[in-house]
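Note that numbering that gives the first Met the number 0 has the sequence shown beginning at 0, numbered continuously upward. Quick reminder that beta carbons are idealized off the backbone N, C-alpha and C, glycines included.
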Amino acid sequence: MIPPMPQGTSGAHSRRAVLASCALLTAGVLAGCDVRLQRGAPHIPGVPTQSPPADAATLRAMLLRLRGLAARAEGVGHVGGATSSAGHSSAAKPSARASDAVATHALWAARLATIHHQQATRLAAVIATEGISAPPSAPVAATGTLRQLRDLEVGGVGPRALDGVAGVAPENVPMLCSIAATQGAGARMLGAAVSWPSVATPGPAALALLSDVRGCVYALEVIAGRTPLKQRTLIAATLTTMYAARSRLVLAAGSSAPPAPVEYRLPVPVTDAAAARRLAQVMLGRVVATCASQSPSTAGRVSQVGAVVRLWSEATAASWQWGVKPVPFPGLRE
Numbered sequence: 000m001i002p003p004m005p006q007g008t009s010g011a012h013s014r015r016a017v018l019a020s021c022a023l024l025t026a027g028v029l030a031g032c033d034v035r036l037q038r039g040a041p042h043i044p045g046v047p048t049q050s051p052p053a054d055a056a057t058l059r060a061m062l063l064r065l066r067g068l069a070a071r072a073e074g075v076g077h078v079g080g081a082t083s084s085a086g087h088s089s090a091a092k093p094s095a096r097a098s099d100a101v102a103t104h105a106l107w108a109a110r111l112a113t114i115h116h117q118q119a120t121r122l123a124a125v126i127a128t129e130g131i132s133a134p135p136s137a138p139v140a141a142t143g144t145l146r147q148l149r150d151l152e153v154g155g156v157g158p159r160a161l162d163g164v165a166g167v168a169p170e171n172v173p174m175l176c177s178i179a180a181t182q183g184a185g186a187r188m189l190g191a192a193v194s195w196p197s198v199a200t201p202g203p204a205a206l207a208l209l210s211d212v213r214g215c216v217y218a219l220e221v222i223a224g225r226t227p228l229k230q231r232t233l234i235a236a237t238l239t240t241m242y243a244a245r246s247r248l249v250l251a252a253g254s255s256a257p258p259a260p261v262e263y264r265l266p267v268p269v270t271d272a273a274a275a276r277r278l279a280q281v282m283l284g285r286v287v288a289t290c291a292s293q294s295p296s297t298a299g300r301v302s303q304v305g306a307v308v309r310l311w312s313e314a315t316a317a318s319w320q321w322g323v324k325p326v327p328f329p330g331l332r333e
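The following block contains the structure:
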């Protein structure tokens, strides 16, 4: 039986009182049970829980991938007789070995092992900061062949990998693009060919990238003009890569592309071979840095991510060939 409503009290007032009492009662029960909304907490019917960050699955998968890459690269480096510490090899020079190519690939495998270890460590810290539970750190055997390592590095810039990078939040795009770029560059240093998408549109980043690529091409042409013909192998290879990049960017920019300057003011005068090398390093570094600064604008657009990562990867590999010390996140501040 429902008791009669007290005299002098309206129905509306009584309803508010009842709702307020229920709210206080619920709050008291939750407080007494010490219920909190915590990341990773099990779901309690009727009590909302925090959802995992949108990028959790992608970041966890990348961490597992980096751990596997580091172990595989370490194994290939050991088999080839190379060891790495901070990106340097303590093994004999490749020219002292029976096969220069094998020794060089082993040396780069060792360097890549260091890079991927450092990337995994940093990514694990980022995951912890974002409140994501890291995947178990199970030991990974440092075994494998050079071909397997190449395939893994190439896979880091494949369609599926780039699609994952494009799907993360803009603030995470530069980090994941940088990791992808090192995998593409690593594949190149190991002698693997990377099949990039035939159609790639850099989007809004095209003009900024075009300016730096044009400057880089100009500097390399100056270096070529002051280098003996027999010593231009690396220059020619780098120019071939940058010419292709320039053509892609001009096509992407279309009518919005400004005319190329007649000349550029070079940051390093080419007075000798050492100065020429330094100039190439600086100009390639500018391209890498611009790729990094423009990468957030590609979020959600896989074709634009692919275009930027391609140039980032190619410029990174070229800078390594010119003597730049490999770092885990080229173009980003540590």
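6 Å CB neighbourhood of residue i in its chain, flanking five on each side removed
i              : result
alanine 259    : Arg213
histidine 319  : Here residue 319 turns out to be tryptophan, not histidine, going by the sequence shown. Excluding positions up to five away in sequence, the list reads Pro325.
leucine 206    : Ala252
proline 327    : Ile114, Gln117, Gln118
alanine 275    : Ile222, Val269
alanine 291    : Pro173, Gly330, Leu331
tryptophan 195 : Arg309
Nearest-angstrom Cβ-Cβ length linking residue i and residue j, presumed shorter than 8 Å
i            : j              : result
valine 281   : valine 267     : 6 Å
leucine 189  : tryptophan 311 : About 18 Å separates the two Cβ atoms, so there is no contact after all.
proline 169  : alanine 298    : 4 Å
threonine 57 : glycine 154    : That belief does not hold up - the Cβ atoms of threonine 57 and glycine 154 are roughly 15 Å apart, past 8 Å.
alanine 69   : alanine 112    : 5 Å
proline 52   : isoleucine 131 : 6 Å
leucine 248  : leucine 208    : 6 Å
DSSP state of residue i mapped onto helix, strand, coil
i              : result
leucine 189    : coil
threonine 315  : helix
glycine 305    : helix
isoleucine 131 : coil
threonine 142  : coil
alanine 90     : With a pLDDT of 40 at alanine 90, under the threshold of 50, the modelled position of this residue cannot be trusted; read the value that follows with caution. Coil.
leucine 331    : coil
alanine 274    : helix
aspartate 54   : coil
tryptophan 195 : coil
glycine 299    : coil
serine 136     : coil
tryptophan 321 : coil
valine 326     : coil
Cut-off 7 Å between Cβ atoms - residues of its own chain near residue i, not counting five sequence neighbours on either side
i             : result
valine 308    : Val156, Leu161, Cys176, Ala179, Ala180, Gly183
proline 203   : Ser296
leucine 219   : Ile234, Thr237, Leu238, Met241, Ala279
leucine 349   : Any answer about residue 349 is impossible in this case: the structure gives the chain only from 0 up to 333.
leucine 265   : Ala218, Val221, Leu278
aspartate 54  : Val167, Ala168, Asn171
glutamate 313 : Thr240, Ala244
serine 294    : Val172, Pro173, Cys176, Val307
alanine 186   : Arg149, Glu152, Val153, Val193
leucine 283   : Cys215, Ala314, Ala317, Ser318, Trp321
valine 287    : Trp311, Ala314, Thr315, Ser318, Pro329, Gly330
arginine 231  : Ala223
alanine 191   : Arg149, Glu152, Val153
glycine 143   : Arg71, Gly74, Val75
8 Å Cβ shell around residue i - same chain, five flanking residues per side excluded
i             : result
leucine 62    : Ala119, Leu122, Ala123, Ile126, Ala133, Pro134
glycine 322   : Arg276, Gln280
threonine 226 : Ile234, Ala272, Ala275
Whole runs of the alpha helix (DSSP H) within the region 200 to 270, excluding any shorter than 4 residues: Segments of the alpha helix (DSSP H) lying fully in the region 200 to 270: 205 to 224, 232 to 252.
Alpha helix (DSSP H) runs wholly inside the region 153 to 191, at least 4 long, in chain order: If we require 4 residues or more, the alpha helix (DSSP H) runs fully inside the region 153 to 191 come out as 158 to 165, 172 to 188.
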